[in-house]
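Asker: If you scroll down you'll find the structure; I have some questions about it.
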Amino acid sequence: MNNGILKKNATLIIGISIPILMIIFVAVSIYLPGLFVKPKFNFVYVTGNDYYYYSQYQYAVQNGKIVENEIKKPENRSYEPAREVRLYMHDVAANTNREITFEEARNMNLDSNIKSPDGFEIITGSHSGGFLFSGGSDYDTRYLTGNNISKKLDLRLVGSSYYNNFRFIGWIK
Amino acid sequence: MANKDEVLNEIRILAGQNAIGKEELIQAYDSGKGVRGDIALTKKLGVAEILYYIGGAVVFLGIMILLGQNWSTLGVAAKVMATLGSGIAAYFVGVLFNRDARTEAAGSAFFLISALVTPIGLWVIFDEAGFNANSFGMQTWISGILLAVFVSSYFVFKKNIFTLFSIIFATWMFFSFTGFLVAGAPHFNDWKFYMYRTLAVSTAYMLIGYSFSKNERVSLCWFLYGFGVLGFLGAALALGEWKPNQNVFWELIYPGLVFGALFTSVHIKSKAFLTWGTIFLMAYILKITAEYFSTGLGWPLALVIAGLAMIGAGYMSFSLKKKYLSA
């Protein structure tokens, strides 16, 4: 009897199974690699907008060490906006942040490449909703991604989490 | 449709001629047992039924315009009453009308109103409760609740309108839930992932449509075949992308998929497969011409060749329709 019903509705069962199997496949391919691959390199970032006139940044990495640039104010600019620039170290294993001083950062060996030595990089999210109702954006969320996994980063950003309010400095070697 | 006496009389005649066996009769009885046909949808829609559904859609539009014009001035209770309240009320009116054969078709129109308004009502509830109702997570909940209600309703009332909206809500839930899964995984290419999901859903539509073509839900075939083949061929064409980022696999396999759709149209006697197969064959000819032949041959000659190929595709489609699909 059961075999008869299965045989009679085989096309229907296969049709309904395809989206269900895709959901299982997507879930497994997202969550399974995360169990085995762990990012190893912590990183330093700056928040509070350290960008000044004509592509001048307050902090940069030279020869594997953080340096503080001297900001040259153009002559025609008199007003200097108030800045609250802070340095943080992010622990990728615990997904936590610790504010560090410039002196602390100076003692660290940093790699300013976008990709970490173990193949991870920091990217922004895309969108978080849609289809029948209008979608929400996820552009101000950052992820640590690479080796077929992604981890949402919990960052300490000064003010809003607006996407300009974060700048990667370097991976701690 | 013949009445019971006429059917029994026909069986007696056929049995006397040995044209029908006892086993065939038992098989036909067993396959029909327990299936309550949807009177409003298993037969072809008449003018009255079409007007009922148009009326239902107009009522939905009226509610939406009323809400749109007064959204900022309406309180929470009024918004919920106007949306979820209307949806639930329309559902129960449908249930009441469904109890009488004379008003059963009109009942389906009220189920239509309920299916259109209730999603808005649930969105309002979640939004007013402080959730981000636009997020994939909340949309999974909304579509999941609707799917559960409409699938349950199908098993109670056996009406095709519940089958149709169960498929629509299941599709919505599939896209929302998979979107929710990959929201924390931006390494998934959004655009391509959308196309692969469309391929999966379209394949499911075509298979479900084929399954329905053999039972009392045959009236849903046009919807499932039409959207199924449109989504499948559209997504496969999009996955081929454009030079210099073209995907060779999808570009090479595409003619096979299109001709597969055309041959299937003959096998299952579907005009949707034939029409969309022909349109996408023409689109593929234009795409390949523009990508690979417009620079070497030059645009004018490439257009002439593409035009001739499209005339050929059109003629083939016309011949197939005339030979195999004309009633």
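Each protein sequence line maps, in turn, to chains X and A. Mapping to the numbering used here: the first sequence position 42 is 42, numbers consecutive. Position in the second sequence counted from 1, then plus 173, gives you the numbering used here. Don't be surprised by glycine CBs; every beta carbon is placed ideally from N, CA and C.
(1) List the residues of chain X that L380 of chain A touches, going by C-beta distances under 8 angstroms, in chain order.
(2) Count the CB pairs spanning the segment 421-428 of chain A and the segment 392-402 of chain A that are closer than 8 angstroms, and state whether there are at least three.
(3) If you reduce the DSSP assignment to three classes, tell me which class S150 of chain X lands in.
(4) Give the residues of chain A in contact with A27 of chain X, contact being defined as C-beta atoms less than 8 angstroms apart.
(5) Quick check on this structure: which residue in A:T344, A:G258, A:Y202, A:G407 has the alpha carbon closest to the alpha carbon of F233 of chain A?
(6) When DSSP labels each residue in this structure, what does M108 of chain X get in the three-state scheme?
(7) Taking the CB atoms as reference points, tell me whether F41 of chain X and S116 of chain X lie closer together than 9 angstroms.
(8) Mind listing the chain A neighbours of I30 of chain X? Cutoff is C-beta to C-beta under 7 angstroms, in chain order.
(9) Rounded to the nearest angstrom, what separates T145 of chain X and P33 of chain X at their Cα positions?
(10) Less than 9 angstroms separating the beta-carbons of L155 of chain X and Y45 of chain X?
(11) Could you compute how far the alpha carbon of I286 of chain A sits from the alpha carbon of R86 of chain X?
(12) Spatial neighbours of G485 of chain A within its chain, please: CB distance less than 6 angstroms, with the 5 preceding and 5 following residues excluded, ordered by chain position.
(13) Strictly under 9 angstroms for the Cβ-Cβ distance: is G64 of chain X near chain A by that measure?
(14) Assuming F323 of chain A contacts F338 of chain A (C-beta within less than 8 angstroms), just tell me the rounded distance between them.
(15) Just to confirm the assignment, what range does the beta strand (DSSP E) spanning M89 of chain X have?
(16) Quick check on G125 of chain X - is its C-beta less than 9 angstroms from some C-beta in chain A?
(17) How long is the line joining the alpha carbons of A213 of chain A and W472 of chain A, rounded to whole angstroms?
(18) Suppose the cutoff is 8 angstroms on Cβ atoms and the five residues either side in sequence are ignored; what does the same chain contact list for F283 of chain A look like?
(19) So which residues on chain X does S384 of chain A lean against when the C-beta distance must stay under 7 angstroms?
(20) In or out: A10 of chain X buried (at least 16 other Cβ within 10 Å) or exposed?
(21) Can you tell me where the beta strand (DSSP E) with I122 of chain X in it begins and where it stops?
(22) Could you check if S134 of chain X is buried or exposed, using at least 16 other CB atoms within 10 Å of its CB as the buried criterion?
(23) For Q62 of chain X, which three-state DSSP category applies?
(24) For the segment 367-381 of chain A against the segment 305-316 of chain A, do three or more pairs of beta-carbon atoms, one drawn from each stretch, fall closer than 8 angstroms, so that the two count as touching?
(25) Does any residue of chain X bring its CB to less than 9 angstroms from the CB of A479 of chain A?
Answerer: Here's the rundown:
(1) T11, L12, I14, G15, I18
(2) no
(3) strand
(4) Going along chain A in sequence order, the residues near A27 of chain X (Cβ under 8 angstroms) are L354.
(5) A:G258
(6) coil
(7) yes
(8) L354, V355, A358
(9) So the two alpha carbons sit approximately 12 angstroms from each other.
(10) yes
(11) Cα to Cα, I286 of chain A sits roughly 56 angstroms from R86 of chain X.
(12) none
(13) no
(14) 5 angstroms
(15) 86-91
(16) yes
(17) Low local confidence applies: a pLDDT of 44 at A213 of chain A is under 50, so the model's placement there is unreliable, with the coordinate-based value given in what follows. Distance between the alpha carbons of A213 of chain A and W472 of chain A is about 53 angstroms.
(18) G229, A263, Y264, V266, G267, F270
(19) Residues of chain X with a Cβ closer than 7 angstroms to the Cβ of S384 of chain A are, in chain order, N9, T11, L12, G15.
(20) exposed
(21) 121-124
(22) Only weak support exists for where S134 of chain X lies, its pLDDT of 48 falling under 50; the coordinates are left without a value.
(23) strand
(24) Too few Cβ pairs lie closer than 8 angstroms, so no.
(25) For A479 of chain A, the answer is no, since every Cβ of chain X falls outside 9 angstroms of its Cβ.
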